[in-house]
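What follows is one structure encoded as structure tokens, with my remarks underneath.
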Amino acid sequence: VSVESICMIVFMSLFITLVTYITRGDQLFFLGRAEMDVARESTWIAQPPLRQMVFEDIASPQDIAQWADTAIVHGVYARSECVIGGGNGTAARREPVGPDG
Numbered sequence: 131v132s133v134e135s136i137c138m139i140v141f142m143s144l145f146i147t148l149v150t151y152i153t154r155g156d157q158l159f160f161l162g163r164a165e166m167d168v169a170r171e172s173t174w175i176a177q178p179p180l181r182q183m184v185f186e187d188i189a190s191p192q193d194i195a196q197w198a199d200t201a202i203v204h205g206v207y208a209r210s211e212c213v214i215g216g217g218n219g220t221a222a223r224r225e226p227v228g229p230d231g
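At the far end of the sequence shown sits residue 231, using my numbering, and the numbering has no gaps.
Following this line, the structure appears as structure tokens:
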């Protein structure tokens with residue numbers, strides 16, 4: 131193994147580590163996973179025939195539309211908040227956003 135190969139491996143390892151740190155890959159992964167868990171756990175009523183659906187029961191484009199409406203619109207984004215202020219030493223406050231706010 132040559133010195134050049136060792137240097138290349140060290141520099142590539144350093145590059146990958148720094149890029150991962152800069153892009154906060156692990157934090158984005160866990161945030162996406164938490165959001166998807168909320169979306170996957172939702173249930174809704176579909177018809178015909180009248181039945182309770184879960185994410186694993188999706189079989190048609192109509193099922194996808196009903197899931198998106200229930201899980202994303204009324205699930206994930208229903209509890210959205212906007213953080214206002216917090217700069218220049220002022221306290222930040224949260225205000226609900228969406229149909230309820």
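Heads up, the beta-carbon is just placed ideally off N, CA and C, and yes, glycines get one too.
> Is it buried or exposed for A221, if we count other Cβ within 10 angstroms and need 16 for buried?
Replying inline: To locate residue 221, count along the sequence shown from 1; it is residue 91. With fewer than 16 other Cβ atoms within 10 Å, it is exposed.
>> Using a 10 Å radius around the Cβ and a threshold of 16 neighbouring Cβ atoms, would you call A201 buried or exposed?
In response: Along the sequence shown, read from residue 1 onward, the residue named residue 201 stands at position 71. Burial call: buried.
>> Which residue marks the beginning of the beta strand (DSSP E) containing R181, and which one marks its end?
In response: Residue numbering aside, residue 181 sits at position 51 when the sequence shown is read from its first letter. Run containing R181: R181 to M183, per the beta strand (DSSP E) assignment.
> Out of curiosity, what's the CA-to-CA distance linking A164 and E134?
Replying inline: As a first step, residue 164 must be located in the sequence shown, where it is residue number 34. As a first step, residue 134 must be located in the sequence shown, where it is residue number 4. Each residue's alpha carbon lies about 43 Å from the other.
> What first and last residue would you give for the alpha helix (DSSP H) that runs through I194?
Replying inline: As a first step, residue 194 is located in the sequence shown; it is residue number 64 there, counting from the start. Note, I194: alpha helix (DSSP H), P191 to W197.
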